[in-house]
Every structure is written in structure tokens, then in C-alpha cells.
Amino acid sequence: MTDPDRNGASALRVRPYLLTRGRTKSVVDLPLEAQVRTTDAGDGGVGHQPPEQRAILELCAQPHSVAEISALLDMHLQVARILVGDLVNDGMVTTNTATPQSNERPDLRLLERVLDGLQSL
Amino acid sequence: MSGANPIPVKIVVAGGFAVGKSTFVESISDIDPLTTEAAMTKVSEGIDDIGDATSKKSTTVAMDFGRVALGQDLVLYLFGTPGQNRFHFMWDELVRGAIGAVVLVDTNRLEHCFPAVDYMEQAGVPFIVAVNAFDGVVRHHPEDVREALDVPAHVPVIVTDARHKAAVRDALVNLVRHAMTVAASAGAPA
Chain A
1 MTDPDRNGAS ALRVRPYLLT RGRTKSVVDL PLEAQVRTTD AGDGGVGHQP PEQRAILELC
61 AQPHSVAEIS ALLDMHLQVA RILVGDLVND GMVTTNTATP QSNERPDLRL LERVLDGLQS
121 L
Chain B
1001 MSGANPIPVK IVVAGGFAVG KSTFVESISD IDPLTTEAAM TKVSEGIDDI GDATSKKSTT
1061 VAMDFGRVAL GQDLVLYLFG TPGQNRFHFM WDELVRGAIG AVVLVDTNRL EHCFPAVDYM
1121 EQAGVPFIVA VNAFDGVVRH HPEDVREALD VPAHVPVIVT DARHKAAVRD ALVNLVRHAM
1181 TVAASAGAPA
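Here is the structure:
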């Protein structure tokens, strides 16, 4: 890690990972579009969380994707992913993805639903 | 705090610089497109040859994306991607689990979409080529574009207009149909 005091420009890059205590990998594998939703436990636990986690819990009272969390709360994507991963582990949020494995493509049934949805727009 | 968590699906919008990717996403998105910044964590072979830790966080890449609700329980995300070769590491992330990709083409700068076409072909991502008719004018026939790009016969090449929601929707419908054909012929893996 670069010393932020020595190089002002690097401070912005280093700080995000302070939120994750230096970790750069999430404990859960979350694609960009994974829907994150605050659980009742998460809703009840908002007050005990650090500001960034609290912001996620408040935002995700309505489902939002990991990418939206990153964009709306101005966090690097990987940071958002790590913090969400921690909240998943703590039972504060649930996540939803299209397929059980994030590298699988949606199956025919889901594609048909997407097609119907697009055609109704 | 009621109701189900919607199922998210994703389509990638690729193509060269200034080909209309952001406009394409904006035309159909329910929300003003958002931007997320991803640090270049997977540094990568061929991008720079300085393998030390500092180089790993030296670059962030901005990705624009939009969201389209498809009924109550389905939500489609559209991600625009930087077109250059050196952002391929981002594409790996983006195409993961995606329905497929729309490769936007400006026929005045056809070569700008080559990296996207090459990438999608090699990665086995279902894709269509959509010629963006700037000013509503189609200057090249789709079949000429197909030939110039050397894309296989089964890959749809269509004309779109990134500024118009209906045209964008039609392009997406075309992609989803193509993805269904691909999934069916692959024995429909789950």
C-alpha cells in the first residue's frame, strides 16, 4: 500500500479499501447485477453499522444491484461487493441472481420471460 | 419491505468509442444511466508489465449502465463497456452470466468494433451486430457489414437507431431470440 500522507493523489485510491480493512476480495461471489435486499434483521441492525454499511442497508430496503450500490453510494465496485458480502454473511441482506453459478447463462425459460417482458415495453 | 427480490438479467452493449453505447442504454433505461467505477484489480497479462502492487490500483474504469423493469419480478441491466482492447479484463466481468451482447457499429469506423466482435466470438458470448443509423441514415447494407466484419451467418446483423426506444427494444428482442437459439442448440444447459 502506498502511504496516503506522502502522496495526496493516492489517498483517494487507498481509502476505499480501508473500509474493507484492506481486503480486495468478497466472501461471496456477486455479479454486478446481483439484487441486494435488506432483511428484517438488517433493518433492525442499521444503527449498529458503520456509515457505509448503514447506507447500503438503507438503500436496499428496496432491491438494488451491486452496480447500483456502487454508483449511488459512490463506492468502488469491488468495495461495494466486499461490504455486501459481509452483510450477507451477517444475515443483514439477501441477494438474488439469475443462475446459481454466476458464470452460467440464463436458461431458455428465463430467456422467454425476458423476451415477453421486452415485447411488452 | 415486502415482495420478492427480482431476478436480475444482464445484456452487454459493446462497440468502439463514441458509437452510441450510452445513447442506446439511455433510450430504454427506466433510470438516468449510472456510472460505477471499477478498480483494475485483475491486472493483466499484456496490459502493463509492471507486476507490482501499486500498478494494480493505478487505473479505474468507468462503466455506464441502465436498468429496465420487465414486469414485477424481472429486472434487466444494460452495461456499456469501454471498447478498447486494454479493457478486456472488464469484459470478462461483464459477460459473466450475461444473456449476450449487442455490438454497436458505426459504419464510418467499422474497424472500431473489431475488438468487441473478436472478444464475443472467442468468449462464446451470444451476440448480434447492430449498425447504428446515425441521423437515421443507413449508409451500408447489413449484409455488406457482415461481410466486412466476417461474422458467421448465424449471427444476426441488424440496423438500429440508438436514439429511439422502439429501435433499441427491437435490437434487444433480436439478441434475446438469438440467445434462445444458441441455448436451444447447445442442449439448453441450466
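Just so you know, the sequences run in chain order A and B.
Counting in our numbering, the first sequence tops out at residue 121, every number present.
Counting in our numbering, the second sequence tops out at residue 1190, every number present.
All C-beta atoms in this analysis are idealised placements derived from N, C-alpha and C, irrespective of residue type, glycine included.
- For Leu1070/B, the CB contacts under 6 Å within the same chain, skipping 5 residues up- and downstream, are Leu1076 in chain order.
- With contacts defined as CB atoms closer than 8 Å, Val66/A and Ala80/A qualify as a contacting pair.
- Counting of Cβ neighbours within 10 angstroms places Leu118/A among the buried residues, the total reaching 16 or more.
- The C-beta separation of Val1009/B from Pro106/A comes to about 6 Å, placing the pair in contact by the 8 Å criterion.
- CA-to-CA, the gap between Val1138/B and Val1025/B works out to about 20 Å.
- Around the Cβ of Phe1017/B, a 10 Å sphere holds fewer than 16 other Cβ atoms; the residue is exposed.
- With contacts defined by Cβ atoms closer than 8 Å, Ile1158/B and Gly1100/B do not form a contacting pair.
- Just so you know, the alpha carbons of Leu1172/B and His48/A end up roughly 43 Å apart.
- Ser70/A belongs to the set of residues whose beta carbon lies under 8 Å from a beta carbon in chain B.
- For a Cβ distance threshold of 8 Å, residue set Gln35, Pro63, Asn96 of chain A lies close to Pro1006/B, ordered along the chain.
- Bridge partners of Gly22/A according to DSSP: none are assigned.
- By the Cβ-count criterion, Asn89/A is exposed, with fewer than 16 other Cβ atoms from all chains shown falling within 10 Å of its own Cβ.
- Against chain B, the CB of Asn103/A has a partner CB under 8 Å away; the residue lies at that interface.
- In this chain, Ala1101/B is not harboured by any alpha helix (DSSP H); it is covered by the beta strand (DSSP E) spanning 1100 to 1105.
- Between the stretch 68 to 87 of chain A and the stretch 1160 to 1180 of chain B, the count of Cβ pairs shorter than 8 Å is below three; the stretches do not touch.
- Sorting Leu72/A, Leu77/A, Asp43/A, Thr24/A by C-alpha distance to the C-alpha of Leu32/A places Leu77/A at the top.
- It is roughly 14 Å from the alpha-carbon of Tyr1119/B to the alpha-carbon of Leu1104/B.
- Per the DSSP secondary-structure output, Asp1064/B pairs in a beta bridge with Thr1035/B, Gly1080/B.
- The DSSP-derived three-state label of Leu111/A is helix.
- In the three-state scheme derived from DSSP, where H, G and I count as helix and E and B as strand, Ala61/A is classed as coil.
- Cβ neighbours of Ile1028/B within its own chain (closer than 8 Å, five residues either side excluded): Gly1066, Val1068, Leu1078, Lys1165, Val1168, Arg1169, Leu1172.
- Per the C-alpha coordinates, the member of Asp1073/B, Asp1032/B, Glu1037/B, Val1129/B positioned closest to Gly1015/B is Val1129/B.
- Taking the C-beta atoms as reference points, Asp1064/B is found no nearer than 8 Å to Thr1023/B.
- Close to chain B, meaning a Cβ-Cβ distance shorter than 8 Å, are the following residues of the stretch 41 to 62 of chain A: Asp43, Ala61.
- A residue is called buried once 16 or more other Cβ atoms fall within 10 Å of its Cβ, and Leu1175/B is buried on that count.
- The beta carbon of Lys1010/B sits closer than 8 Å to some beta carbon of chain A.
- Put simply, the CB of Val27/A is far from chain B, with every gap to its CB atoms at 8 Å or more.
- Spanning the alpha carbons of Thr20/A and Ala1038/B requires a straight line of approximately 15 Å.
- For Ala1123/B, the closest C-alpha among the options Ala1098/B, Pro1006/B, Asp1030/B is that of Ala1098/B.
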